[in-house]
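*Asks:*
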Amino acid sequence: TVTAHSGWKIKLIRPLDFLVVADHAENLGVADFIRRSDPILLANKTGKKWHDLTKAGKGYEAFLEWVRSDKEDLIKEPRMVQAVWSKVVENADKYYQPGVFTTFHGYEWTSMPGGSNLHRVVMFRDAGDKTSQTLPYTMYDSVDPEDLWKSMAAYEKKTGGQVLSIPHNGNLSNGIMFGAETYTGKPFTKSYAQTRIRFEPIYEVTQMKGDAETHQFLSPDDEFADFETLDMGNLSGKVPKTKQMLSAEYGRSALKDGLKFEDKLGINPYKFGFIGSTDAHNAIPSTREENNFSKASFVEPSADRAEHFLVKGVKPELSIMVKDLGASGLAAVWARENTREAIWDAMARKEVYATSGTRLKVRVFGGWDFKADEVH
1 TVTAHSGWKI KLIRPLDFLV VADHAENLGV ADFIRRSDPI LLANKTGKKW
51 HDLTKAGKGY EAFLEWVRSD KEDLIKEPRM VQAVWSKVVE NADKYYQPGV
101 FTTFHGYEWT SMPGGSNLHR VVMFRDAGDK TSQTLPYTMY DSVDPEDLWK
151 SMAAYEKKTG GQVLSIPHNG NLSNGIMFGA ETYTGKPFTK SYAQTRIRFE
201 PIYEVTQMKG DAETHQFLSP DDEFADFETL DMGNLSGKVP KTKQMLSAEY
251 GRSALKDGLK FEDKLGINPY KFGFIGSTDA HNAIPSTREE NNFSKASFVE
301 PSADRAEHFL VKGVKPELSI MVKDLGASGL AAVWARENTR EAIWDAMARK
351 EVYATSGTRL KVRVFGGWDF KADEVH
């Protein structure tokens, strides 16, 4: 049972089988430090400002300042990150029950250049003996995905561990999630394609902030292509959407473009599997419209929450409202057992699928030359 921000006692109708608590790497733990009025935070000018705003009931103002900070670390307090990451590692191992409930170590890299979403959830296969040897890589270190992958490769080399990253919300990237060039504007190379698909074998195709499988403009003959579409602009509400951006934002288009890259490079950088997820930021991963606790503590159920801002856009007409959100999705994985190793390995193999929150059992095989024990 979880105590919601409102004080309600909440319990999921059906427990999850596995979970990665992927808090934002940037200023990791600042909310908890504000809650506890931690001296480390209060000694920091920006930290104290955010603390005082929150305690005065103006936490959303502090949130907006943080979310719009782009590439600048407004707090610069490594002691806070180290303390909270140690707690994340400790709790993930503490609540891991192999065969019953699997907990993963992870975080969210919140790259958002110019307000356009390039977020990735970074998910480790390993236990705390390895993950404690690293710290979350942040957008303050770099907003370039290639630099994130370099940090992941360095972790694997140092510890012998394994890690992958899962992009999400290409629909809020304004055409840069699945572009035809690297972040720095260079043509794709074989090495780039190999690195990308190695570290990013799956894509989160549906969650609260809109469905990112396809768009009615891209799939005019698909009657479901307008499912939970969120396409006003980028995540910060700074730049409006244009039709020219759409093909580089959605999973289906990326799959098709990947085939072209494979013809050219010999490697398909977009040969990924699909998962769904919740994107819940309030520790209540509800997936049904009728009992949806929404995304964050400041928009939990109330009579008028539909008209509340989730993200107040730099341009007001590009704001994301609670009424624009879906109830969220789920990640489904075909794993041999409910353990970190088995689930992570299945994700790396792309034996996964996405649902919009329902618990459907789906399994499809495609290809040639199946072994006898693989045919059912």
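Taking this note's numbering, the leading residue of the sequence shown gets 1, the next gets one more, and so forth.
Where a beta carbon is used, it is the ideal one built from N, C-alpha and C, also for glycine.
So, does the segment 193-207 touch the segment 266-283, judging by three or more C-beta pairs under 8 Å?
*Replies:* yes
*Asks:* Among the residues of its own chain, which have a CB less than 8 Å from the CB of valine 261, if the five just before and after it don't count?
*Replies:* The identity of residue 261 in the sequence shown is phenylalanine, whereas the question assumes valine. If we look at phenylalanine 261 and ignore the five residues flanking it on each side, its Cβ neighbours are Phe188, Ala193, Ile267, Asn268, Pro269, Tyr270.
*Asks:* Is DSSP giving alanine 332 helix, strand or coil here?
*Replies:* Alanine 332: strand per DSSP, three-state reduction.
*Asks:* Please report the Cβ distance between isoleucine 343 and phenylalanine 18, rounded to the nearest whole angstrom; I am assuming they are in contact, meaning their Cβ atoms lie under 8 Å.
*Replies:* 6 Å
*Asks:* Give a yes or no on whether the C-beta atoms belonging to leucine 235 and histidine 215 are separated by under 8 Å.
*Replies:* no
*Asks:* Taking the alpha-carbon of glycine 161 as reference, which of Tyr95, Gln133, Thr138, Ser142 has the nearest alpha-carbon?
*Replies:* Gln133
*Asks:* Which word fits isoleucine 40, buried or exposed, when buried means at least 16 other C-beta atoms lie within 10 angstroms of its C-beta?
*Replies:* So isoleucine 40 ends up on the exposed side.
*Asks:* Measuring only the C-alpha atoms, how far is glycine 210 from glycine 329?
*Replies:* 10 Å
*Asks:* What residue range does the alpha helix (DSSP H) around glutamate 61 cover?
*Replies:* 59-67
*Asks:* Figure out for me which residue from Leu310, Arg288, Ser297, Leu360 has the closest Cα to the Cα of leucine 12.
*Replies:* Arg288
*Asks:* Below 8 Å CB to CB, which residues in the same chain sit around asparagine 338 once its five sequence neighbours on both sides are set aside?
*Replies:* Asp17, Phe18, Pro98, Gly99, Val100, Phe101, Thr102
*Asks:* Roughly how many angstroms separate the alpha carbons of alanine 127 and asparagine 44, rounded to a whole number?
*Replies:* 32 Å
*Asks:* Classify lysine 312: buried if its beta carbon has 16 or more other beta carbons within 10 angstroms, exposed otherwise.
*Replies:* With 16 or more other Cβ atoms within 10 Å, it is buried.
*Asks:* Can you check whether the CB of phenylalanine 124 is closer than 8 Å to the CB of valine 163?
*Replies:* The Cβ atoms of valine 163 and phenylalanine 124 lie closer than 8 Å to each other.
*Asks:* Go through its chain and collect everything with a Cβ distance to glycine 71's Cβ below 8 Å, but skip five positions before and after it.
*Replies:* The displayed chain sequence assigns lysine, not glycine, to residue 71. For lysine 71, where only same-chain residues beyond five positions count, the Cβ hits under 8 Å are Pro113, Met139, Tyr140, Val143.
*Asks:* Could you please give the first and the last residue of the uninterrupted alpha helix (DSSP H) stretch that includes glutamine 194?
*Replies:* 190-199
*Asks:* If you draw a straight line from the alpha carbon of leucine 259 to that of phenylalanine 178, how long is it in whole angstroms?
*Replies:* 13 Å
*Asks:* Find the nearest neighbour of glutamate 341 within the set His281, Gln207, Tyr96, judged by alpha-carbon distance.
*Replies:* Tyr96
*Asks:* Does the distance from the CB of alanine 25 to the CB of threonine 159 come in under 8 Å?
*Replies:* The answer is no: Cβ separation not under 8 Å.
*Asks:* Quick one: what's got a C-beta closer than 6 Å to glycine 233's C-beta in the same chain, skipping five residues either side?
*Replies:* Val239, Pro240, Lys241, Leu318
*Asks:* Whole angstroms is fine: what's the gap from methionine 80's alpha carbon to leucine 218's?
*Replies:* Those two C-alpha atoms are separated by around 44 Å.
*Asks:* Taking 8 Å as the threshold (C-beta atoms), are alanine 306 and lysine 295 in contact?
*Replies:* no
*Asks:* For the beta strand (DSSP E) holding tryptophan 109, just list the boundary residues, first then last.
*Replies:* 106-109
*Asks:* For serine 173, tell me which candidate among Lys315, Leu360, Lys48, Gly237 has the shortest Cα-Cα distance.
*Replies:* Nearest of Lys315, Leu360, Lys48, Gly237 to serine 173, Cα basis: Gly237.
*Asks:* Between which two residues does the beta strand (DSSP E) carrying glycine 276 extend?
*Replies:* Taken as a continuous stretch (DSSP letters only), the beta strand (DSSP E) holding glycine 276 covers 273-276.
*Asks:* Would proline 301 and phenylalanine 293 be called neighbours here (beta carbons separated by less than 8 Å)?
*Replies:* yes
*Asks:* By the three-class DSSP mapping on this structure, what secondary structure does glycine 47 have?
*Replies:* helix
*Asks:* What is the residue span of the alpha helix (DSSP H) that arginine 252 lies within?
*Replies:* 251-265
*Asks:* In whole angstroms, what is the alpha-carbon distance linking glycine 170 and valine 20?
*Replies:* 20 Å
*Asks:* Under 7 Å from any heavy atom of the ligand HEM, does the C-beta of valine 163 make it?
*Replies:* Of the ligands one can find in the structure shown there are none, so the ligand HEM has no counterpart to examine.
*Asks:* Compute the Euclidean distance between the alpha carbons of threonine 195 and aspartate 369, then round it to the nearest angstrom.
*Replies:* 28 Å
*Asks:* Checking the sheet assignment: what are the DSSP bridge partners for methionine 321?
*Replies:* Phe309
*Asks:* Tell whether a beta-carbon distance below 8 Å holds between valine 84 and aspartate 32.
*Replies:* yes
*Asks:* Sort out for me which residues DSSP pairs histidine 168 with in a bridge.
*Replies:* Glu204
*Asks:* Short of 6 Å in beta carbon distance, which residues of its chain neighbour isoleucine 34, apart from the five on each side in sequence? Order them along the chain.
*Replies:* His51, Thr54
*Asks:* Hey, proline 78 and arginine 120 are a contact pair by Cβ (cut 8 Å); roughly how many whole angstroms apart?
*Replies:* Beta-carbon to beta-carbon, proline 78 and arginine 120 are separated by about 22 Å, too far to satisfy the 8 Å threshold.
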